[in-house]
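Data block below; observations after.
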Amino acid sequence: MRYRATILALLAPCAFAATTGEALFHQHCAPCHGANGEGGRGPKLARLKLPRAPDDATLGSLIEQGIPGTEMPVTRMTDAERAEVIAYVRSLGRAASAQVAQAGDPKKGELLFWGKGGCGQCHTVGPRGGRTGPDLTDIGVKRGPANLRQSVLDPEAETPDNFAQYRKVIYMPDNYLRVRVVTADGKQITGARVDEDTFTIQIRDDGSHIYSFRKDQLKELHEDWGKSPMPSFRNKFAASELDDLVAYLSSLTGAQ
Amino acid sequence: MKKLLIVFAIALALAAAAAAQMEWVTYSGDYSGQRHSTLKQIDRTNVAKLHVKWMYQTNDLNQFEVTPIVSGGVMYISEPPSNAAALDLHTGRPLWLYRRALPNDIHVCCGQVNRGVALLGDVVYLGTLDAHLIALDAKTGHMLWDTAVADYKTGYSITVAPLALKDKIIIGMSGGEYGVRGFLDAYDPKTGARLWRFWTVPGPGEPGHETWAGDSWKTGSAATWVTGSYDANLNLIYWGTGNPGPDYDGDIRKGDDLYSDSLLALDASTGKLKWHYQFTPNDTHDWDSTHTPVLIDTQFRGRARKLVAVANRNGFFYVLDRETGEFLIGKPFAKEIWATEIDSHGRPIVIPNTRPTPEGVPMYPGVHGGTNYMSPSYSPETGLFYVSARQEPTSYYRATPEYDAGTYYVAGGNRGIPGVEPSGAIKALDPQSGEVRWEFPLHSPPWSGVLSTSGGLVFGGTAEGNVFALDSATGKPLWDFQTGATVTSNPISYELDGKQYVALAAGRALIAFGLE
Numbered sequence: 028m029r030y031r032a033t034i035l036a037l038l039a040p041c042a043f044a045a046t047t048g049e050a051l052f053h054q055h056c057a058p059c060h061g062a063n064g065e066g067g068r069g070p071k072l073a074r075l076k077l078p079r080a081p082d083d084a085t086l087g088s089l090i091e092q093g094i095p096g097t098e099m100p101v102t103r104m105t106d107a108e109r110a111e112v113i114a115y116v117r118s119l120g121r122a123a124s125a126q127v128a129q130a131g132d133p134k135k136g137e138l139l140f141w142g143k144g145g146c147g148q149c150h151t152v153g154p155r156g157g158r159t160g161p162d163l164t165d166i167g168v169k170r171g172p173a174n175l176r177q178s179v180l181d182p183e184a185e186t187p188d189n190f191a192q193y194r195k196v197i198y199m200p201d202n203y204l205r206v207r208v209v210t211a212d213g214k215q216i217t218g219a220r221v222d223e224d225t226f227t228i229q230i231r232d233d234g235s236h237i238y239s240f241r242k243d244q245l246k247e248l249h250e251d252w253g254k255s256p257m258p259s260f261r262n263k264f265a266a267s268e269l270d271d272l273v274a275y276l277s278s279l280t281g282a283q
Numbered sequence: 005m006k007k008l009l010i011v012f013a014i015a016l017a018l019a020a021a022a023a024a025q026m027e028w029v030t031y032s033g034d035y036s037g038q039r040h041s042t043l044k045q046i047d048r049t050n051v052a053k054l055h056v057k058w059m060y061q062t063n064d065l066n067q068f069e070v071t072p073i074v075s076g077g078v079m080y081i082s083e084p085p086s087n088a089a090a091l092d093l094h095t096g097r098p099l100w101l102y103r104r105a106l107p108n109d110i111h112v113c114c115g116q117v118n119r120g121v122a123l124l125g126d127v128v129y130l131g132t133l134d135a136h137l138i139a140l141d142a143k144t145g146h147m148l149w150d151t152a153v154a155d156y157k158t159g160y161s162i163t164v165a166p167l168a169l170k171d172k173i174i175i176g177m178s179g180g181e182y183g184v185r186g187f188l189d190a191y192d193p194k195t196g197a198r199l200w201r202f203w204t205v206p207g208p209g210e211p212g213h214e215t216w217a218g219d220s221w222k223t224g225s226a227a228t229w230v231t232g233s234y235d236a237n238l239n240l241i242y243w244g245t246g247n248p249g250p251d252y253d254g255d256i257r258k259g260d261d262l263y264s265d266s267l268l269a270l271d272a273s274t275g276k277l278k279w280h281y282q283f284t285p286n287d288t289h290d291w292d293s294t295h296t297p298v299l300i301d302t303q304f305r306g307r308a309r310k311l312v313a314v315a316n317r318n319g320f321f322y323v324l325d326r327e328t329g330e331f332l333i334g335k336p337f338a339k340e341i342w343a344t345e346i347d348s349h350g351r352p353i354v355i356p357n358t359r360p361t362p363e364g365v366p367m368y369p370g371v372h373g374g375t376n377y378m379s380p381s382y383s384p385e386t387g388l389f390y391v392s393a394r395q396e397p398t399s400y401y402r403a404t405p406e407y408d409a410g411t412y413y414v415a416g417g418n419r420g421i422p423g424v425e426p427s428g429a430i431k432a433l434d435p436q437s438g439e440v441r442w443e444f445p446l447h448s449p450p451w452s453g454v455l456s457t458s459g460g461l462v463f464g465g466t467a468e469g470n471v472f473a474l475d476s477a478t479g480k481p482l483w484d485f486q487t488g489a490t491v492t493s494n495p496i497s498y499e500l501d502g503k504q505y506v507a508l509a510a511g512r513a514l515i516a517f518g519l520e
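Those protein sequences? They're chains L and Z, same order as listed.
Residue numbers 28 to 283, in my numbering, belong to the letters of the first sequence in order.
Residue numbers 5 to 520, in my numbering, belong to the letters of the second sequence in order.
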């Protein structure tokens, strides 16, 4: 009897986890992809066709291996657990396919982006735009609408406030960390950090000039974590304009 | 006042010329293909003190064949398989990386490699293994445009570094072992629109088409996978072409197979052929003539001439008049047993029974040639042409060719010859006579190019991982360093903050060497 109880105790957590694709989804996926797969820091998963995962085998290998060159990490789980998560993700897609499209007109949003918003002064979309802020060419794939809306209303809410490593292959907000330095001869330079190691730092200023400094030769070095040079657009856009802008950003998939 | 202005203009021009030497702005350093740096801070007296300043490492195990570009305090490189990066010239730290997502059904004969990027203004250009040409913002790595050059599914790929002219980007292709039809293209730097295409295998009705039997032209190859040179005054592009396809069966493509294994002189504005010279007619040994053509202006046989020199995979060293294509010199620089000589018209006198048979025929040069894609160099100061020479026989055998689009199409193969130890050398050739003036023996056949400098040095690398400097006048070794892995790239030199550096790739590492 005691023997059997031990076995049950060992099995129980596994059995519970293995049968709950939803629970695993909330643990591993929802923090980036949204509670219902609607998208957030990560792409929307509540869709019938996933661009990178046309079949379950591919989806499984994306979970197992991550997607190199993106923020999608390796996620360890058993084959059975992975199958549960895949089934749950597919169920989200079927549920979403019945729903109607989002609010907002991407055409109007495009005009706002390049016109009233002045977004293109700092952000690139395809061959157009500035270099100061993150590249938005495929932001509609990388970020969900709620996250995009939040970034427009409160840019600093989405700016990392910790020391994540600079990620060279990804246009992430922490790759646009604002840095202010004062050189030995008193010159002040402000820009985005493009790389850093223990002894040196490389900075691109707003005129796209690239500097490389040894840190021990700088008078001052300030890394403004959590800060963004981007203003809030809360009072700039009406609610419907915000819908249009988010619809435009969501439509940016990088396809040429 | 006018005089002052002229003086000022000359000073500006001189400053510009001097500045050009500080950087390494195109594949061969400049358009001449000489791969010669006029920097001379590192010289015969101090080169022994050269040491590593920084290293950068790729994450890819494919061969790292890049020639870096240096401009504005930044080094621009490609990495295998089809990636690009901008490195801080002070530290080697990456400023951005571009990662190409490649399809999993690309076709390459000889490794997933890339030989470098081109830079024009603020834009970096990269050819990819899925046969696209892309433009990246030099400041951020952001993609500006992406043009499909050819359909990779039929066997095309791109490994060559593009050549940036002032108003166009020239790009070649690979695929000589897949029965593709070769070409050289020019693209608009701003939009990626194609400006012209020169087919290296002429179609029906075009001159040269008659040099192909039947439909063999359709799979004639003549790929363009090593960056060419450019004479701005003549407005001519010089570009080498690869083997005819299929590699080892010359009978199904009876005839000379123009313009395979040739040097082409093309009008840069139109892509029209000005002249051509074919090194190996009806080749059956895979002796691509994909070499950097070296443009030399010098006194030759009593008068000033514009020459072009090529050390060829077929084992011969050639000097031609680059205005007319006139053949001037063709002499062996590496061991060869396929031709008795090059006749006065520039045609090889081929030795009978040297072509592949089903049983196999031993041959010098072997399949990797008397030299290969690695760059030669030419020093105007010594008047010598330096080349990494290979001595490695192979036995060539022939099999039945069967063409199936996108699959390997060579009609045979080759094997090493037991009991023969391959070797190599750096050789200094005299373009006035074609003679070998000195040679420095290497332990094994090299895959590294060479760089000559006004410091009186020739830099090179070995298959065992040595980087070395030789006295450019005598071949005497003055410095060497063990990098730990095969050198398969071409060295460059540049100046930063008043100091000269030499850089090259070995194994997965890009290494910058300096004196202090």
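All residues carry an ideal CB built from backbone N, CA and C; glycine is no exception.
Everything numeric in this text was worked out from a predicted model, so none of it was measured.
Taking residue i as the query, report the chain L residues whose CB atoms sit under 8 angstroms from its CB, ordered along the chain.
i: lysine 143(Z); result: Arg158, Arg231, Ser235, Ile237
How many Å lie between residue i and residue j at the Cα?
i: leucine 248(L); j: isoleucine 166(L); result: 31 angstroms
i: valine 116(L); j: threonine 97(L); result: 20 angstroms
i: alanine 477(Z); j: threonine 386(Z); result: 6 angstroms
i: valine 78(Z); j: alanine 89(Z); result: 10 angstroms
i: leucine 279(L); j: glycine 131(L); result: 14 angstroms
i: phenylalanine 260(L); j: threonine 217(L); result: 23 angstroms
i: threonine 204(Z); j: phenylalanine 187(Z); result: 5 angstroms
i: tryptophan 243(Z); j: tryptophan 229(Z); result: 9 angstroms
i: tyrosine 263(Z); j: tryptophan 279(Z); result: 11 angstroms
i: serine 497(Z); j: alanine 114(L); result: 57 angstroms
i: methionine 5(Z); j: proline 193(Z); result: Any reading at methionine 5(Z) must be qualified, since the residue scores a pLDDT of 44, below 50, and its modelled position is unreliable; the value itself is stated next. Taking the straight line from one Cα to the other gives about 39 angstroms.
i: arginine 121(L); j: leucine 77(L); result: 12 angstroms
i: glycine 64(L); j: lysine 71(L); result: 6 angstroms
i: asparagine 2(Z); j: lysine 258(Z); result: Residue 2(Z) falls outside the range modelled here, since chain Z spans only 5 to 520, and no answer is possible.
i: phenylalanine 283(Z); j: proline 297(Z); result: 13 angstroms
i: tyrosine 191(Z); j: proline 166(Z); result: 10 angstroms
i: aspartate 64(Z); j: threonine 490(Z); result: 14 angstroms
i: histidine 94(Z); j: glutamate 499(Z); result: 11 angstroms
For a contact defined as C-beta to C-beta under 8 angstroms, what are the partners of residue i on chain Z?
i: valine 168(L); result: Simply none; closest approach about 13 angstroms.
i: aspartate 162(L); result: Thr144, His146
Under the DSSP definition of a beta bridge, which residues are partnered with residue i?
i: aspartate 141(Z); result: Val127(Z)
i: glutamate 185(L); result: According to DSSP, glutamate 185(L) bridges with nothing at all.
i: aspartate 235(Z); result: Leu240(Z)
i: threonine 151(L); result: Gly156(L)
i: glycine 518(Z); result: His55(Z), Tyr505(Z)
i: threonine 210(L); result: Leu245(L)
i: histidine 53(L); result: BP columns for histidine 53(L) are empty, so no partner.
i: phenylalanine 337(Z); result: According to DSSP, which records beta bridges pairwise, phenylalanine 337(Z) is partnered with nothing at all.
Using a Cβ cut-off of 7 angstroms, pull out every chain L residue sitting near residue i, in sequence order please.
i: leucine 99(Z); result: Val221, Asp222, Gln229, Ile237
i: tryptophan 149(Z); result: Pro154
i: valine 78(Z); result: Ile237
Show which residues of chain Z have a CB atom less than 7 angstroms away from the CB atom of residue i.
i: threonine 151(L); result: His146
Residues of chain L with a CB under 9 angstroms from the CB of residue i: which are they?
i: histidine 94(Z); result: Thr227, Gln229, Ser239, Phe240, Arg241
The ligand NAD heavy atoms versus the CB of residue i: any closer than 6 angstroms?
i: serine 220(Z); result: As for the ligand NAD, it is missing from this structure, which has no ligand bound.
Contact set between the segment 209–231 of chain L and chain Z, restricted to residues whose Cβ is under 7 angstroms from the partner: Val221, Asp222, Asp224, Thr227, Gln229, Arg231
If we count Cβ pairs, one from each stretch, closer than 8 angstroms, do we get three or more for the segment 140–149 of chain Z versus the segment 205–219 of chain Z? no
Would you call the segment 58–69 of chain Z in contact with the segment 466–485 of chain Z, where contact means no fewer than 3 C-beta pairs closer than 8 angstroms? no
Can we say the segment 90–103 of chain Z touches the segment 205–222 of chain L, given the rule of at least three CB pairs closer than 8 angstroms? yes
Does the contact criterion of 3 or more C-beta pairs under 8 angstroms hold for the segment 150–166 of chain Z versus the segment 125–140 of chain Z? yes
Flag this pair as touching only if the segment 45–52 of chain Z and the segment 389–403 of chain Z have three or more C-beta atom pairs under 8 angstroms; answer yes or no. no
Quick check: the segment 254–271 of chain L against the segment 141–148 of chain L, are at least 3 beta-carbon pairs closer than 8 angstroms? yes
Just checking, does the segment 397–412 of chain Z make contact with the segment 433–442 of chain Z on the three C-beta pairs under 8 angstroms criterion? no
So, do the segment 166–175 of chain Z and the segment 115–129 of chain Z have three or more beta carbon pairs nearer to each other than 8 angstroms? yes
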